[in-house]
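Reading through the structure tokens given below for one structure.
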Amino acid sequence: MDLTGLNAPQREAVTTLHGPLLVLSGAGSGKTRVITYKVASLIFDHGVSPYRIMALTFTNKAAREMADRIERLIRLPVRGLLVGTFHSICARLLRIEKVMGGNFTIYDTDDQKKIIKGVLDDLNLSDSRSFSPGDVAGRISGLKNRLITPERFDLQIGNVFDEQFASIYRRYEMKKRKSNGMDFDDLLIEALEMITKNDLLRDKYQEKVQYLLVDEYQDTNRVQYELVRQLSNKHRNITVVGDDDQSIYSWRGADLRNILEFEKAFPDAKTVRLEQNYRSTATILDAANAVISRNKARKPKTLWTEGERGDKLEVHYLYNDLEEAREVTRRIRTRGPKSTVIFYRTNAQSRTLEDELRNAGIPYVIVGGLRFYERKEIKDVLAYLRLLVNPADEVSLARIINLPKRGIGDKAYASLCEFAARLQIGPFEALSRLEEALEFTARERTAFSVFHNLCLALSAQRQETDLVSFVQFVAEQSGYLKYLEESEEEQAGERLDNVSEFINAVGEYVERNDSPTLESFLQEVALLTDMDAVKNDTGEQVTLMTLHAGKGLEFDYVFITGMEDGLFPISRAEEEGGLEEERRLFYVGITRARKWAMLTHAATRRRFGTTTSAFPSPFLDELPEHCIRRIDRTGGSTSFALRDKPAAAPLFNEVRENRQAMPSYEHFSQEDGLLRNGMKVQHPIWGKGTVVMVSGLADNMKATIKFQNDAVKKVMVKYAKLEIVGG
DNA sequence: GCTTAATAGGCGCCT
DNA sequence: CCTATTAAGC
Ligand SMILES: Nc1ncnc2c1ncn2[C@@H]1O[C@H](COP(=O)(O)OP(=O)(O)OP(=O)(O)O)[C@@H](O)[C@H]1O
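Mind the numbering: the first sequence is residues 1 to 727 in this note's numbering, read in order.
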């Protein structure tokens, strides 16, 4: 195969076939390309069967792209190659090996919270402030990522709180199991158990996986590490690529030690470093390198480019979030929407941007936030399908037993569950033994049996038709479509459209797969994010997403919005290492850009419906001045008056140090860097004026200026870009 | 059991 | 600001 698309170290990584290999390198250095070429070369040059190669990516989209690119490199369709995310590949193995019958339901965060809510109710902890379903879910996931089972947790109980939590955790696991369901963490854990506890299966998969390749290795967690070890244990041909500076998922259990200590875990490992960046301009790289070099916990690396210097990045200081959105929109209008991304730290920030883009008639697509498959109407239809595949699924049953309304309210459902518990069966199974129950009212009994007959009818139809017609049949016969049609709700029309779109998606799935089944469709869908539907940078539309979602992508033009202290870095990131992770996130953001980037700060922003003000992000001070142009459009007084309030003290000591280290501003030419009363200055917006008062020190220096039109403004010297025109 | 109105509470990132 | 949940009324 033609390896001329690779530089020397890349080629070395690709041609190192045997043993453990680590590629640890900075952004845009061609790590993903190494994996792609290596897989292609293994198949094409070395005759390795695609069935013997497993490649793990971070998103489904990355997996699909990789598979496409491999086929293009080989110029042949490839069958049997295992490319996917850890979660999707694990789900697939578990289904194939019929773990939990193979028809398990994958519970997303929403389902998970419902189970936990039920548990809290059972344990009378619902109104305990210490336990909210979301918190509990997060804590449970944290434990599971570290392979701490309820039994193991029991051993480390230290107080009453732990004890209560332990019983929640235990009961959650029990309920989930009763429903034949798995949460996201279970997919990895169960797959790991499967290959560690079952000798036959271990041999099978260790033998099968002749080559294992992992992208974005810096964001793998403990369980994923164990999986990697197990799967590569026989052939030991393991290639991992990653960048410790781009590790941004520690809150989800990602453990940097996996990549930093790879050589310890695999002592015979070879390490390759890629140092040439093929993505960004020199200016972008300078800026990114300067920022990331402030982190202490990292492996230093070199990153250079042969590319041109490119334009300076721009840092805009704006009055509020609306102005920010307008400024971004204005830039996009002149340049066009092609290959442009707008990043933000939190999903809630997208709305203002969206509104402005819509007003300006600029096409855009939002990635993240509410996933398509998380919409209510989609989850409703999915619940019917899940229940038919897995009748033990109590979350789905509870969701649709009275949707549309069938006269089975909370009370009736509760008494069904009680009856079921007495028989030690699930509530769905109980529906087929109604005659044994004495407690139901005549009305309830009829309602139950009508619902039960409906399910039987739907189930019977499943064998009769193809998948698409079946899903259509379910949507109709369940009465759900009718319910939407008759709904008075404003969004009812949109919901109906979404259901049709969902049915189209079933069609696409059927076309894409050799042996489509409802089971595999449901499991695939549970792991899809709407990242996966995003066109690769080609479309004539702007992409909006969080910085986290940007990992691994590239765009010509990058906008990073919301550069405010408390928002980015986010104020909650105060725990150990939190600031460094925020900085890595900033690094990831900047390095997505090929040509140019613009960063915006809004002095005030609407949050929770009220206006809040914030200091500029300390990260803005970490950018070398020769890489950037600062533009202040706050209009002087208003926003910076707010800065006088002591409310928002800098969050991090480290930040404060950085600030002091950074007082060089190009428009600020006086040797001692001080303005004096009576000086004549030029302000970019307000024009010429005379300094009447100076207050504050260093970065907090403020000048009160009387302008020629007699307006008196107080401005932050640091940002106002004052030019001294006479003393 | 169902509908409507009031209000609590949320926003950190995601498989 | 938005949505999701709860209380009150039918
Ligand atoms: N040897 C090469 N010659 C030319 N272009 C290359 C080479 N290697 C990679 N590229 C290009 O550089 C860009 C970045 O490559 P790639 O995505 O593989 O890097 P990466 O290290 O995985 O990046 P990141 O870690 O930032 O996601 C891509 O556009 C890719 O096509």
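Note that beta-carbon positions come from the ideal geometry of N, C-alpha and C, so glycine has one too. Predicted model, so just to flag it, every value in this text is computed and none were measured.
- CA-CA distance, residue 460 to residue 516, rounds to 19 Å.
- Contact between residue 119 and residue 171 holds: CB atoms are separated by about 5 Å, below the 8 Å threshold.
- Beta-bridge partners of residue 183 (DSSP): 107.
- Ranked by Cα distance from residue 311, the first of 607, 512, 12, 598 is 598.
- Around the Cβ of residue 451, a 10 Å sphere holds 16 or more other Cβ atoms; the residue is buried.
- Following the DSSP letters along the chain, one finds residue 626 in no beta strand (DSSP E), marked with neither H nor E.
- Under the three-state reduction of DSSP output, residue 82 falls in the strand class.
- Going by DSSP, residue 325 is part of the alpha helix (DSSP H) stretching over 321-335.
- Judged by DSSP in its simplified three-state form, residue 598 adopts strand.
- With respect to residue 22, residue 240 sits close: the two C-beta atoms are nearer than 7 Å.
- Residue environment for residue 107: buried (at least 16 other C-beta atoms within 10 angstroms of its C-beta).
- Between residue 94 and residue 190 a beta carbon distance of about 6 Å is seen, short of the 8 Å cut, so the two are scored as contacting.
- With a cutoff of 7 Å on beta-carbon distance, residue 258 and residue 145 are scored as not near each other.
- Residue pairing from DSSP places residue 270 in a beta bridge opposite 21.
- Boundaries cannot be given for residue 465, as no alpha helix (DSSP H) includes it and DSSP labels it neither H nor E.
- When 380, 379, 396, 381 are compared, the shortest CA-CA separation from residue 387 is found for 396.
- Rounded to the nearest angstrom, the Cβ distance from residue 321 to residue 352 is 5 Å, consistent with a contact under 8 Å.
- Non-local C-beta neighbours of residue 31 in its own chain, meaning closer than 8 Å and more than five positions away in sequence, comprise 23, 25, 215, 241, 242, 243, 274, ordered along the chain.
- According to the DSSP assignment, residue 343 belongs to no alpha helix (DSSP H) but to the beta strand (DSSP E) extending over 340-344.
- Across the structure, residue 577 and residue 584 are spaced so that their CA atoms are roughly 11 Å apart.
- Look at residue 233: its beta carbon is at least 6 Å from all of the heavy atoms in ligand 1.
- Apart from the 5 residues on each side of it in sequence, residue 288 sits with its Cβ closer than 6 Å to the Cβ of 587, 590, 591 in its chain, given in chain order.
- Three or more beta-carbon pairs separated by less than 8 Å are not found between the segment 522-534 and the segment 342-357, which leaves the two stretches without contact.
- Taking residue 52 as the centre and dropping the five residues before and after it, the same chain places the C-beta of 208, 209, 210, 211 closer than 8 Å to its C-beta, in chain order.
- Secondary structure of residue 42 (DSSP, three-state): helix.
- Contact annotation: residue 550 and residue 262 have beta-carbon atoms that are not nearer than 7 Å.
- Residue 34 has its alpha-carbon roughly 6 Å from the corresponding atom of residue 14.
- Here DSSP, grouped into helix, strand and coil, assigns residue 317 to strand.
- Here residue 527 is buried. Its C-beta has 16 or more other C-beta atoms within 10 Å.
- In the DSSP annotation of this structure, the continuous segment of the alpha helix (DSSP H) that includes residue 137 starts and ends at 133-145.
- In the DSSP assignment, residue 260 falls within the alpha helix (DSSP H) that extends over 257-260.
- In the structure shown, residue 66 adopts helical secondary structure according to DSSP, grouped into three states.
- Taking all protein chains in view, the Cβ of residue 99 is crowded by 16 or more other Cβ atoms within 10 Å, so the residue is classified as buried.
- DSSP, reduced to helix, strand and coil, places residue 515 outside both helices and strands of the structure shown, so it counts as coil.
- Counting the other CB atoms within 10 Å of its CB gives residue 62 a total of 16 or more, which places it among the buried residues.
- Residue 627 places its beta carbon 7 Å or farther from that of residue 340.
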